Structures are given as structure tokens and as C-alpha cells.
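Novice:
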Amino acid sequence: MVRWDVRRPAASALLLTKLGAEYGVATRTCLRGSGVTAEQLEDPSTELTAAQELAITRNLLDALGHPEGLGLRAGARYHLTTHGIWGFALISSPTLRSAIDVGLRFLDLTYSYCRIEVREGERGLLLVLAAPDVPGDLRRFAVERDVAAIRTLQSDLLAEPVALHGVRFAFPPPAGAVDRYTELCGVRPEFGVAENVVEIDPDLLDAPLPQADEHTAALMRQQCRELLERRQQRAGLAGRVREHVLTRMSSPPGRAEVAAALHISERTLHRRLAEEGTSYRDVLNDARAELAEDLLLTAGLPVAEVARRLGYVEVTSFSQAFRRWKGVGPRSFRGGPAPRKGL
């Protein structure tokens, strides 16, 4: 799920406004109603929420008439350096496969609006993208952007331009612009299929990365964990709800019980969480995901014990939920041996 209230650097929003400027869209137009000023956008210390960045994205697309392929043009500009510590964690990884594992483990440190799941395919590793949390009129842009960004990141990691092995889009083909899609993906995409899929060449997965460094990789992963924890500290009512459910994670309280503990009505709880861009279910799932990560990586508990502490009767139910949160199963997330199919 997209955590709309989690803050992120302004680098992506700045990139989008610069893209808009190239098409004649003024920065003030892109920022309208977002609560972000042009001065803040230029300040490296500025952070904004995913919801604010999405508002900027909508303004850009509205100004240009929602052109097909704009997401690809945007995504091609998202390099490893755009992502800070996350990018360094990937580039210092030993192989492309391990970089993908780390990237998905800390996907919340990126600017992606998509859920990304790893599968094994006949032609290579599959990255399956879905953006169910993104409004329908922005979903194509979100998927396009991530697909192009994946190609850019792959080329950065391998230190040479490398085409994707295959690309499939769930949306219809563009009107007369397929060649542009082929150029930006490096391969002619398929359209109108069941899922959005990026195929990674299997011959590239286990080759050593040119800037691999074991010590740096371990340090960067630790910094990613710490940064993610800081960003996930919620404010407002969502933060109070999160603190309450974390004390009862083995038997999570219902909405009515939480509302009573906070001395508000259940209806008010629902309304105020909606105003913060979230819901009780999302706060509960976010808290579960954060605690699961801590128990797996820091405490090193067995998966079955983590499932029990999070209130799951069946380990399989926990594993399925964890896959929805992180795109990989709990064992693969921790880096332990596991079959890659059906993670």
C-alpha cells in the first residue's frame, strides 16, 4: 500500500516540475494546491508526503492533457543518485539479483506508487507492478514511470545501457506512439495483458556488479533500515492509533475499541484518519509491516514466531500478508534461502 502520509525528499517532485518546464508548464502550476512552495522544492532538506507529490503529478498531467508515455519520460530520469542511501545500497550489492532483493525490501524509501512482486518466469525474473492505491486517471503514469525507472536503475547498476528483457502493460496501446515506448523500454512492449510486468534478463542476474562492496552494502542496508524507521514515525491521529495498536499486536483492537481509548467516536476516528490520507486498516497493516520487519531483521525470530506475535493463527496467512506489504516473502526479505517462485 502507498503510505500517503510518510514523508520523502523533494527530489522527485523537483524532477517532475523540471520535466513540466520542458513542456512549458510553470512550476507554480505544478505546485498549485500541494502546500509546497518553489523555494521549498529547491531546498535539499525539504520533505513532503506522497500525497503532496501525487498532487504535483496530477497538476502536471492535467496541464498537459494526460499524454501517453509521459511516465516513461519521467522514469528515465530516476537514477540511483536520485534515491540517496537506497541507491547506494543497490549499487554496492554483489549482484543484480541481490540489488533487486534489497531494493524491494526498502521500496518505501523510493518514490514508487506501485506494489512490486517478484516472480520467476520462463524468460527471466519477473517484476509484477500494480498501483491499486493510485487514482485511476494517474495509474498509467505511475506504472510507466516505474517501468522506465527500472530500466534506468538496471543500466546504472551494470554501468552500461541495458534494455529490459521484456515489458507488458495492462493498459491499452498508445495512439501512434508505440515506437517511443520501444525506445524508452529498449524492447517493444505488449499491451492489454492481465498484469504490468518487467522481465529481467536471467543472464544478468548473478553477474558481479562493477561497484560491489560487501562492507559498504551492509552499512547501507543498516542506514536504509534506520531511515525507513524515521520516516515511518507517524504524526497526528494516525500516530496515536499506531502507538495504541502496537501495544496489542498479538490481539489487535478493533476500530471501536481504539476510538474509545482515544475518547472519540468511531465515526470521528474514520473521518479524521481519512483527512490524514489513511484508514484504521492501513494504520494497522503499516504497524504490522514495521513490526514484522523489526522482528525478522533485528530480533532474528523465526517466521512462525513473528506470525504469532502479530496475531496470525496460520503462518501462511502471515506470509501472504507480508508479500503484499513488501513484494517478497518473509524468508527472502531476511535474506535466508527460499525458492523464488511464489515468494
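The opening residue of the sequence shown carries number -15 in this note's numbering; numbering runs sequentially from there.
Just so you know, even glycine gets a beta-carbon here, dropped at the ideal spot from N, CA and C.
Quick caveat, the model's predicted, so the values are computed rather than measured.
1) Tell me which residue opens and which closes the alpha helix (DSSP H) that A243 is part of.
2) Given a cut-off of 8 angstroms, decide if D130 and C98 are closer than it, judged by their beta-carbon atoms.
3) F72 to E167, Cα distance in whole Å?
4) Provide the residue span of the beta strand (DSSP E) that contains P(-7), from first to last.
5) Give me the DSSP bridge partner(s) of E183.
6) For the candidate residues V(-14), R(-8), W(-12), whose alpha-carbon lies nearest to that of R214?
7) Mind checking P158: buried by the 16 CB within 10 Å criterion, or exposed?
8) Within 10 angstroms of its Cβ, does R124 collect 16 or more other Cβ (buried), or is it exposed?
9) Assign E52 to buried or exposed, taking buried as 16 or more other Cβ atoms, counted over all protein chains shown, within 10 Å of its Cβ.
10) Count the other CB atoms, across all protein chains shown, that sit within 10 Å of the CB of G87; report buried if there are 16 or more and exposed otherwise.
11) DSSP on T79, reduced to helix/strand/coil?
12) Going by DSSP, name the residue or residues bridged to L32.
13) So, at 8 angstroms on beta carbons, what are the nonlocal neighbours of S(-4) in its own chain, with the 5 sequence-adjacent residues on each side left out?
14) Return the bridge partner residues of I100 from the DSSP annotation.
15) Taking 8 angstroms as the threshold, find out whether the region 132 to 142 comes into contact with the region 8 to 26 through three or more Cβ pairs.
16) Mapping DSSP to helix, strand and coil, what is G105?
17) Give every residue of the same chain whose Cβ lies closer than 8 angstroms to the Cβ of R293, excluding the five residues on either side of it in the sequence, and list them in chain order.
Specialist: With the given structure in hand:
1) 239 to 245
2) yes
3) 27 angstroms
4) -9 to -7
5) L110, G150
6) R(-8)
7) buried
8) buried
9) buried
10) buried
11) strand
12) R(-8)
13) E37, Y62, T66, Y95
14) L113
15) no
16) strand
17) M233, S234, L275, L279, L285
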